[in-house]
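All remarks here apply to the structure that follows.
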Amino acid sequence: MTVPDLHAVNESKVDVLVVGAGPAGYMATLWFARMGIKTKFIDKRSTKIFTGQADGLQPRVLEVFETFGFADRAAKEVATGFEATYYEPDENGRIRRIDVKPEGVPGISRFNGSVVHQGRIETWISDAIDEFSKGEIKVERPIIPEVLDINDGVDAEYPVKVVLRKLPNDYAEPNQFGHKVENGLYRQFDGDQNQQNGIDGAHVNDLEIVWAKYVIGCDGAHSWVRKRLDIEHKGETTDFVWGVLDILPITDLPDIRKRVSIHSVEDGSIMLIPREKGLVRLYIQLREVDHEEAVGDNALPNGAKKRVDRSKITADRILQAAQKIFKPYTLEAAETHWFTAYQIGQRVATAFSDPSQRVFIAGDACHTHSPKAGQGMNVSMMDTFNLAWKIAYVVKGLASPSILDTYETERKAVADDLIAFDQRLSRLYSSKPGEISMQEFRSVVEQGSAFTTGCTVNYDASILIDKPADKSREEEYHSPLAPKLNIGMRFPDAKLVMQCDARPWFINQQLLSTGQFRLLVFIGDYAQKPALREQLNGIGQYLARPENTVPEPVLQKLLIHASPQAKVEWDDFPLVFRPRDERGVMNYWLIWADTPSLHAETGHGYETYGISKDVGAAVLLRPDGYVAMVTEPTVEGVKDIYAFLSKFLVGLKPSA
């Protein structure tokens, strides 16, 4: 396109430009707000919140919400899953319940998989962004990027130039294809292109030039940013079409408030998910759909000549398909809140950034799949939960840009696992009972339960993960000092006692997403083991040396002992674990006891992690809560952790 003279256009400089206010964009901006990064956050849509869209929250994401301070809001609103039921046809072709399983994996997290309207999730995150940024960061709508230029030679500090265009509100409203009921059809099906006019002839007041240190494209499956980077989205689209319906049901199905999987003989399959406020979501296989010609810009990328005619897909047609599958049970809709349809496809981007690692993509821009496993929103948020703190560290001059290499290696592996699981699950859901083994279907769902919680993600060895390079992410790796604590995986929870006031806490309730690395010294029963007391004093002295001081916003140091409270005195602990601020006020919240409480079941933390109370361990956590390293709780062990950190933290040169 021809770019007009932009000399009179407003210009601005930001640390990061986030393109797209979906789950990935919100999570990235939340991190940036929390860590004080100057951020511009834009979206092409004019409306803030959409009915429908993604609705599932995996346990790991709820754990992350807790670290940002709003999991309690979720607890008040979500519908939580506890049981999953399976319905299959009998010899007469009538569906009946044949099995009941736990929903998810009992005990893997303090949270269960939950469901709530995506708009509520965006509201919680938006409120937290507003709080952390003191109102400075808000979504700017409707705005689209028109030009993206990466040129280190123009401005080494702000090398990414993006020209933005403000759209009229009515232009940015989503296409509802003539339907009266709100729907998400505008987001679905291959061949759609984002409707964007060129900037030729645009009034200069509609344009803005943004100079950014980094850009993150969180702009969905048809990502403009991905296309500008010439990154291929590799995969395939199947012939399977599914409808989605959010209704207030009238039915005699006894398990309507549980997760239900239904396979019929000839009419297709259903996945049913209970929602908040009495609603249910139905994913319904559509055996018969209308198609239209796809030509020109709307031609399908795989060469197909037809695409789904969305004007012919209605909520009533989807409900009628569901009613056939439900027989002999009945189903009516007292209210219909939203519907959509989608063609199952699985794709993964061949790269997650440009070669200079100044522009990244995340979420649906990187990976697309069916909603069957409930992973789209969750994996998207976890992409930028992984990426954004790393960018913040580099922007603030705290870490080498080399840590950015780990984003693609860590998250592409998750995307590949997700696509493989989704391909298998979608095939089984879309097949007839006679074509597949129903036992295989239930087995795949059950085996995938741990994966779908989000709690089993295992990152490979890297500059941020200290484990042997030959250890596959498919196998767990741990130090013999903590055999139940897997390096490269998220730090599991345990209930401990706060030393200062004896209050029981789950420790992860206090390990908030502040952007800090954390050194957890499990010193064991030091009060009754003279050797451990000597080790503790030595660690305290080493950490207190001026040359070994790492600022508190970068590294927080915590102590977890296992000595009987009657044998412990506050003044026993090194000052580094009970520091005072410039006013002389002491920080009382860095020392924990793994001992029995008078008010709760505690005293099993060391057992949870497999740590001996006679030996102990030193554990390093990344800012995103993943275990980076485990060593012995000695001066030599802490030196090893400092040496590990010095590979990427700027200016850290620990003493010998």
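For the sequence shown, my numbering gives the first residue as 706, with consecutive numbering after it. All C-beta atoms in this analysis are idealised placements derived from N, C-alpha and C, irrespective of residue type, glycine included. Quantities reported herein were computed from a predicted structural model and do not represent experimental measurements.
Residue i: which of the options sits nearest, CA to CA?
{"i": "glycine 824", "options": "Ser1148, Leu762, Leu872, Gly798", "result": "Leu762"}
{"i": "alanine 928", "options": "Tyr1182, Pro1301, Arg1178, Cys1071", "result": "According to the sequence displayed, residue 928 carries serine and not alanine. Ranking the options by Cα distance to serine 928, first place goes to Cys1071."}
{"i": "isoleucine 1170", "options": "Asp1110, Gly840, Pro1188", "result": "Asp1110"}
{"i": "lysine 718", "options": "Thr744, Pro954, Tyr731", "result": "Thr744"}
{"i": "phenylalanine 1211", "options": "Ser1016, Arg1223, Asp1198, Phe1222", "result": "Asp1198"}
{"i": "leucine 1354", "options": "Pro1258, Asp860, Lys1272, Met1143", "result": "Pro1258"}
{"i": "glycine 727", "options": "Ile1066, Ile1096, Val1119", "result": "Ile1066"}
{"i": "glutamate 1113", "options": "Ala1104, Leu1103, Ala1093, Gly1102", "result": "Ala1093"}
{"i": "valine 844", "options": "Thr790, Glu836, Val724, His822", "result": "Val724"}
{"i": "leucine 1217", "options": "Ala776, Lys749, Val714", "result": "Ala776"}
{"i": "valine 920", "options": "Lys963, Ser966, Ile855", "result": "Ile855"}
{"i": "threonine 956", "options": "Tyr792, Arg931, Ala1038, Val1255", "result": "Ala1038"}
{"i": "valine 692", "options": "Pro847, Ile1096, Leu1186, Met1194", "result": "Coverage of the chain is limited to positions 706 through 1361, which leaves residue 692 absent and any answer about it impossible."}
{"i": "isoleucine 742", "options": "Tyr1047, Arg1022, Lys839", "result": "Lys839"}
{"i": "alanine 926", "options": "Pro847, Gln1051, Asp832, Val820", "result": "Gln1051"}
{"i": "glycine 730", "options": "Phe1349, Ile830, Asp1319", "result": "Ile830"}
{"i": "alanine 1236", "options": "Glu1312, Val1320, Thr1307", "result": "Val1320"}
{"i": "leucine 872", "options": "Ile747, Tyr863, His938, Val1332", "result": "Ile747"}
{"i": "threonine 772", "options": "Glu1306, Val1084, Phe1196", "result": "Phe1196"}
{"i": "threonine 1307", "options": "Leu1201, Asp720, Ile936, Lys1176", "result": "Leu1201"}
{"i": "glycine 1068", "options": "Gln1246, Lys1117, Val714", "result": "Lys1117"}
Under 6 Å Cβ to Cβ from residue i, same chain only, skipping five residues before and after it: list those, please.
{"i": "valine 834", "result": "Here residue 834 is isoleucine; the residue named in the question, valine, does not match the sequence. Correct list, in chain order: Thr734, Leu735, Ala738, Ile842."}
{"i": "phenylalanine 945", "result": "Ile1049, Ser1135"}
{"i": "proline 1269", "result": "none"}
{"i": "methionine 732", "result": "Met1086, Thr1089, Phe1090"}
{"i": "alanine 1009", "result": "For alanine 1009, the pLDDT reaches just 47, beneath the cut-off of 50, and the residue's location in the model is therefore unreliable, leaving the point undetermined."}
{"i": "asparagine 1191", "result": "Glu1181, His1183"}
{"i": "glutamate 1040", "result": "Leu953"}
{"i": "arginine 933", "result": "Leu853"}
{"i": "glycine 906", "result": "Residue confidence is low: glycine 906 scores 46 on pLDDT, short of 50, so the model does not pin down where it sits. Its coordinate-derived value is still stated next. Closer than 6 Å at Cβ, skipping near neighbours: no residue."}
{"i": "threonine 660", "result": "As shown, the chain starts at 706 and ends at 1361. That puts residue 660 outside it, with no answer to give."}
Give me the Cβ distance between residue i and residue j, rounded to the nearest whole Å; I'm assuming they're in contact under 8 Å.
{"i": "glutamate 768", "j": "asparagine 1213", "result": "7 Å"}
{"i": "valine 868", "j": "leucine 912", "result": "6 Å"}
{"i": "arginine 931", "j": "glycine 940", "result": "Not quite, the Cβ-Cβ distance comes to about 13 Å (not below 8 Å), so this is no contact."}
{"i": "arginine 1208", "j": "glutamine 1261", "result": "With a Cβ gap of about 19 Å, arginine 1208 and glutamine 1261 do not count as contacting."}
{"i": "proline 1106", "j": "glutamine 1144", "result": "About 50 Å; that fails the 8 Å criterion."}
Given this structure, state the Cα-to-Cα distance separating residue i from residue j, to the nearest angstrom.
{"i": "aspartate 1329", "j": "arginine 870", "result": "34 Å"}
{"i": "glycine 1220", "j": "serine 1302", "result": "31 Å"}
{"i": "lysine 781", "j": "phenylalanine 787", "result": "16 Å"}
{"i": "phenylalanine 1057", "j": "glycine 1310", "result": "38 Å"}
{"i": "serine 1360", "j": "leucine 1241", "result": "18 Å"}
{"i": "arginine 1132", "j": "valine 949", "result": "18 Å"}
{"i": "glycine 1289", "j": "alanine 1323", "result": "28 Å"}
{"i": "tryptophan 1362", "j": "lysine 918", "result": "The chain is shown only over 706 to 1361; residue 1362 falls outside these bounds and no answer can be derived."}
{"i": "lysine 982", "j": "leucine 1036", "result": "18 Å"}
{"i": "glycine 896", "j": "methionine 1334", "result": "At glycine 896, the pLDDT of 36 sits below 50, so the modelled position is not reliable; the number obtained from the coordinates is stated separately. Rounded to the nearest angstrom, the two C-alpha atoms are 46 Å apart."}
{"i": "threonine 790", "j": "serine 969", "result": "15 Å"}
{"i": "isoleucine 978", "j": "proline 807", "result": "14 Å"}
{"i": "aspartate 1206", "j": "arginine 1327", "result": "27 Å"}
{"i": "isoleucine 1346", "j": "leucine 1325", "result": "7 Å"}
{"i": "glutamine 1128", "j": "leucine 1263", "result": "43 Å"}
{"i": "leucine 987", "j": "serine 974", "result": "10 Å"}
{"i": "glutamine 900", "j": "histidine 1074", "result": "Caution applies to glutamine 900, whose pLDDT of 45 falls short of 50 and renders its modelled position unreliable; the model cannot decide the point."}
{"i": "lysine 963", "j": "valine 783", "result": "14 Å"}
{"i": "glutamate 1115", "j": "glutamine 1025", "result": "43 Å"}
{"i": "lysine 1172", "j": "threonine 1336", "result": "11 Å"}
{"i": "serine 990", "j": "tryptophan 947", "result": "Residue identity check: residue 990 is glutamine in the sequence provided, not serine. Approximately 4 Å between the Cα atoms of the pair."}
{"i": "lysine 1234", "j": "lysine 1352", "result": "34 Å"}
{"i": "histidine 1304", "j": "alanine 1271", "result": "17 Å"}
{"i": "cysteine 1160", "j": "leucine 1186", "result": "22 Å"}
{"i": "tyrosine 1331", "j": "arginine 1285", "result": "28 Å"}
{"i": "valine 1226", "j": "glutamine 1246", "result": "14 Å"}
Ordered along the chain, which non-local residues of its own chain (more than five positions away) have a Cβ less than 8 Å from that of residue i?
{"i": "threonine 1158", "result": "Gln763, Pro764, Arg765, Gly809, Val810, Ile813, Ser814, Gly818"}
{"i": "valine 1273", "result": "Gln1204, Ala1232, His1266, Ala1298"}
{"i": "arginine 1283", "result": "Trp1275, Met1291, Asn1292, Tyr1293, Leu1295, Ile1296"}
{"i": "glutamate 716", "result": "Glu913, Ile914, Val915, Trp916"}
{"i": "valine 821", "result": "Asp760, Leu762, Ala779, Glu782, Val783, Ala784, Arg980, Glu981"}
{"i": "asparagine 902", "result": "With a pLDDT of 42 at asparagine 902, under the threshold of 50, the predicted position of this residue should be treated as unreliable, though the coordinate-derived value follows. Excluding positions up to five away in sequence, the list is empty."}
Residues in its own chain within less than 7 Å of residue i by CB, not counting five upstream and five downstream?
{"i": "tyrosine 1098", "result": "Ala1104, Ile1108"}
{"i": "arginine 1250", "result": "Ser1360"}
{"i": "isoleucine 1141", "result": "Leu1133"}
Taking only beta-carbon atoms, is residue i less than 8 Å away from chain C?
{"i": "alanine 789", "result": "In summary, chain C is missing from the structure at hand, where a single protein chain is found."}
Please confirm if the region 797-806 is in contact with the region 1019-1037, defined as three or more CB-CB distances below 8 Å between the two stretches. yes
Kindly confirm or deny that the region 1182-1192 and the region 1273-1282 touch, where touching means at least three C-beta pairs closer than 8 Å. no
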